[in-house]
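Written below as structure tokens is the structure these notes are about.
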Amino acid sequence: NAGVTQTPKFQVLKTGQSMTLQCAQDMNHEYMSWYRQDPGMGLRLIHYSVGAGITDQGEVPNGYNVSRSTTEDFPLRLLSAAPSQTSVYFCASSLGGRTEAFFGQGTRLTVV
Amino acid sequence: AQRVTQPEKLLSVFKGAPVELKCNYSYSGSPELFWYVQYSRQRLQLLLRHISRESIKGFTADLNKGETSFHLKKPFAQEEDSAMYYCALGEDSSYKLIFGSGTRLLVRP
Numbered sequence: 021n022a023g024v025t026q027t028p029k030f031q032v033l034k035t036g037q038s039m040t041l042q043c044a045q046d047m048n049h050e051y052m053s054w055y056r057q058d059p060g061m062g063l064r065l066i067h068y069s070v071g072a073g074i075t076d077q078g079e080v081p082n083g084y085n086v087s088r089s090t091t092e093d094f095p096l097r098l099l100s101a102a103p104s105q106t107s108v109y110f111c112a113s114s115l116g117g118r119t120e121a122f123f124g125q126g127t128r129l130t131v132v
Numbered sequence: 063a064q065r066v067t068q069p070e071k072l073l074s075v076f077k078g079a080p081v082e083l084k085c086n087y088s089y090s091g092s093p094e095l096f097w098y099v100q101y102s103r104q105r106l107q108l109l110l111r112h113i114s115r116e117s118i119k120g121f122t123a124d125l126n127k128g129e130t131s132f133h134l135k136k137p138f139a140q141e142e143d144s145a146m147y148y149c150a151l152g153e154d155s156s157y158k159l160i161f162g163s164g165t166r167l168l169v170r171p
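Here you go:
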């Protein structure tokens, strides 16, 4: 049972480049979310989804897009990377917001 | 607005000493509170949740609705408890899980 899988683990981007962070889960969870982790800021919710075809914004959605075409996958897109997006990104899935969340191993992104 | 506050960025204790990691929340609905832990080079994982009222790895946490707190406690800290601890709140009106800023616990030998 793989759980929540994120790719890549590390990425360096130049300012203005675009990329997609991949997230997949095999637990048939309806709820998926993306967080960014910054020193002293904890985990901040970027976007979340309560099921295929349904997404919503979290606390810090600017500069990020998401889509949810299947239950398993929830990619996060950076359309034009900025240095302020340098962070560690975590994907999580759960049966619901008030149940145990399972996290991916994280993607460390550096924008230069 | 809903908020989770962890006032300590770093808590350093000696092995065998008691530990209390503070967590306060602001939420108008019925909260579901969690503690998550991130050990070095590992992914975040659930430590405990208030509704289960369990003791996990010697840690306990009691929800105090009057003080809007959910402090994490352990009577005797161990070196392997050194990690980053996050308090989180699950909303009852949406599927959001809101995290605090985290407290790094360092248990010295």
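Just so you know, the sequences run in chain order D and Y.
For the first sequence, the working numbering begins at 21 and goes up steadily by one.
For the second sequence, the working numbering begins at 63 and goes up steadily by one.
Even glycine gets a Cβ: it sits at the ideal position worked out from N, Cα and C.
Computed from a predicted structure; not experimentally measured.
Does any CB atom of chain Y fall closer than 8 Å to the CB of residue i?
| i | result |
| --- | --- |
| alanine 102 of chain D | no |
| arginine 128 of chain D | no |
| methionine 39 of chain D | no |
| glycine 145 of chain D | The first residue shown for chain D is 21 and the last is 132, placing residue 145 of chain D beyond what the model contains. |
| leucine 96 of chain D | no |
| methionine 7 of chain D | Nothing in the structure corresponds to residue 7 of chain D, since chain D is present only between 21 and 132. |
| arginine 118 of chain D | yes |
| alanine 121 of chain D | yes |
| valine 70 of chain D | yes |
| glutamine 125 of chain D | yes |
My output table needs one value for residue i: the three-state DSSP class, helix, strand or coil.
| i | result |
| --- | --- |
| glutamine 107 of chain Y | strand |
| glutamine 2 of chain D | Residue 2 of chain D lies beyond the range of chain D shown here (21 to 132); nothing can be said about it. |
| aspartate 124 of chain Y | coil |
| glutamate 60 of chain Y | Nothing can be reported for residue 60 of chain Y, as the shown portion of chain Y is limited to 63 through 171. |
| glutamine 100 of chain Y | strand |
| serine 107 of chain D | strand |
| arginine 115 of chain Y | coil |
| valine 132 of chain D | coil |
| aspartate 154 of chain Y | coil |
| glutamate 129 of chain Y | coil |
| aspartate 46 of chain D | coil |
| arginine 118 of chain D | coil |
| serine 113 of chain D | strand |
| glutamine 125 of chain D | coil |
Please list, in chain order, the chain Y residues whose beta carbon lies closer than 7 Å to that of residue i.
| i | result |
| --- | --- |
| glutamate 92 of chain D | Result: empty, since nearest Cβ-Cβ is about 17 Å, beyond 7 Å. |
| valine 86 of chain D | Correct list: empty, because the minimum Cβ distance to chain Y is about 14 Å. |
| glycine 60 of chain D | Lys71, Ser163 |
Counting only C-beta atoms, is residue i closer than 8 Å to chain D at any point?
| i | result |
| --- | --- |
| leucine 72 of chain Y | no |
| arginine 115 of chain Y | no |
| glycine 91 of chain Y | no |
| aspartate 124 of chain Y | no |
| glycine 152 of chain Y | yes |
Mind checking who residue i pairs with in its DSSP beta bridge?
| i | result |
| --- | --- |
| tyrosine 89 of chain Y | DSSP lists no partner for tyrosine 89 of chain Y. |
| tyrosine 84 of chain D | D/Leu98 |
| methionine 39 of chain D | D/Leu98 |
| leucine 83 of chain Y | Y/Leu134 |
| arginine 74 of chain Y | Reading the sequence as shown, one finds serine at residue 74 of chain Y and not arginine. Answer by DSSP bridge pairing, in chain order: Y/Leu168. |
| serine 69 of chain D | D/Met52 |
| glycine 62 of chain D | D/Asp58 |
Identify the contact partners of residue i in chain Y, using a Cβ-Cβ distance below 9 Å as the criterion.
| i | result |
| --- | --- |
| phenylalanine 110 of chain D | Arg105, Leu106 |
| glycine 65 of chain D | Looking at the sequence shown, residue 65 of chain D is not glycine but leucine. Ordered by position in chain Y, the residues that pass the 9 Å Cβ test against leucine 65 of chain D are Lys158, Leu159, Ile160, Phe161. |
Along chain D, in chain order, which residues have C-beta atoms closer than 7 Å to that of residue i?
| i | result |
| --- | --- |
| tyrosine 147 of chain Y | Under the 7 Å cutoff, chain D gives no residues; its nearest Cβ is about 11 Å from tyrosine 147 of chain Y. |
| glutamate 94 of chain Y | Arg118 |
Anything in chain Y within Cβ reach of residue i, meaning under 8 Å, just list it in chain order.
| i | result |
| --- | --- |
| tyrosine 51 of chain D | Tyr157 |
Please list, in chain order, the chain D residues whose beta carbon lies closer than 8 Å to that of residue i.
| i | result |
| --- | --- |
| aspartate 143 of chain Y | Residues of chain D passing the Cβ test: none, with the nearest at roughly 19 Å. |
The stretch 88-99 of chain Y in contact with the stretch 146-157 of chain Y per 3-pair CB rule at 8 Å: Short answer: they touch.
Does the stretch 72-84 of chain Y touch the stretch 37-52 of chain D, meaning 3 or more C-beta pairs lie closer than 8 Å? By the criterion of at least three beta-carbon pairs nearer than 8 Å, the stretch 37-52 of chain D is not in contact with the stretch 72-84 of chain Y.
Determine, using beta-carbon pairs with one atom in the stretch 119-136 of chain Y and one in the stretch 112-122 of chain D, whether at least three such pairs fall under 8 Å. Because the criterion of three Cβ pairs below 8 Å is not met, the stretch 119-136 of chain Y and the stretch 112-122 of chain D do not touch.
Taking contact to mean at least 3 C-beta pairs separated by less than 8 Å, is the stretch 135-142 of chain Y in contact with the stretch 102-112 of chain D? The stretch 135-142 of chain Y vs the stretch 102-112 of chain D: no contact.
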